[in-house]
């Protein structure tokens, strides 16, 4: 099943976790640490999955900085937009739009940071399942996005721990990529 299909079939918690996971993997671009989005993950684990999402989101925004800043790279601007676009309420329409946009942005961020060119003209082809000539960093991000959605579809709230593990792994990879690019100048 393509990533587009998985997003279309996901429930609200799955969509929120998918968007949050994409954002979480891109936190190194925003200068955040491993714990900055943990309260939002914990909120999704609550019985109804809504809790005080808006409060925790505002706190994360405060810690990760505001809107785009002069000198931001394109990848950093995409990560900032993901955070800014996060809905205050986790209801169907806005959270679906956000999860979909986060998916595209995260893949584009990985494409921008990959040292190997991706042969597709856009990340849309990747999300639809066309993976020939995919660069390694984009391929890994695509696998992570699919895994998060499959785990949540199969296990509901019980899959959040695995979704977070997948996110942490991806965040570590992106941290290494960002650090390497900083060293190379």
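Residue numbers (our numbering): 5 to 189.
Ideal Cβ placement from N, Cα and C applies to all residues, glycine included.
Q | Beta-carbon spacing of residue 181, residue 117 below 9 Å | A | yes
Q: Count the other C-beta atoms from every protein chain shown that fall within 10 angstroms of the C-beta of residue 195, then say buried if there are 16 or more, exposed otherwise.
A: The question about residue 195 has no answer here: the residues shown for the chain are numbered 5 through 189.
Q: Go to residue 29, then tell me how far its alpha helix (DSSP H) extends in each direction, as first and last residue.
A: 16 to 29
Q) Thinking C-alpha only, which one of 71, 93, 100 and 96 is nearest residue 87? A) 71
Q. What is the rounded straight-line gap between the Cα of residue 58 and the Cα of residue 13?
A. Spanning the two alpha carbons is a distance of roughly 24 Å.
Q: Could you name the residues of the same chain whose beta carbon sits closer than 7 Å to that of residue 62, not counting the 5 residues immediately before and after it, in chain order?
A: none
Q | Alpha-carbon spacing of residue 9 relative to residue 169, whole angstroms | A | Looking at the backbone, the Cα of residue 9 and that of residue 169 are separated by about 23 Å.
Q. Can you name the start and end residues of the alpha helix (DSSP H) that residue 117 belongs to?
A. Its alpha helix (DSSP H) spans residues 96 to 117.
(Q) So, under 8 Å CB-CB, residue 145 and residue 110 are touching, yes? Tell me the CB distance rounded to an integer number of Å. (A) 6 Å
Q) Got a sec? Which residues, its chain only, sit under 8 Å from residue 43 by beta carbon, not counting five neighbours each side? A) 60, 63 and 64
Q: Give me the Cβ distance between residue 80 and residue 33, rounded to the nearest whole Å; I'm assuming they're in contact under 8 Å.
A: 5 Å
Q. Between the C-alpha atoms of residue 164 and residue 94, what's the straight-line distance to the nearest angstrom?
A. One alpha carbon belongs to residue 164, the other to residue 94, and they sit about 16 Å apart.
Q. Which of helix, strand or coil does DSSP assign to residue 165?
A. helix
Q: Identify the continuous alpha helix (DSSP H) that holds residue 154 and give its terminal residues.
A: Where residue 154 is concerned, the enclosing alpha helix (DSSP H) starts and stops at 140 to 159.
Q. Are the beta-carbon atoms of residue 151 and residue 167 separated by less than 9 Å?
A. yes
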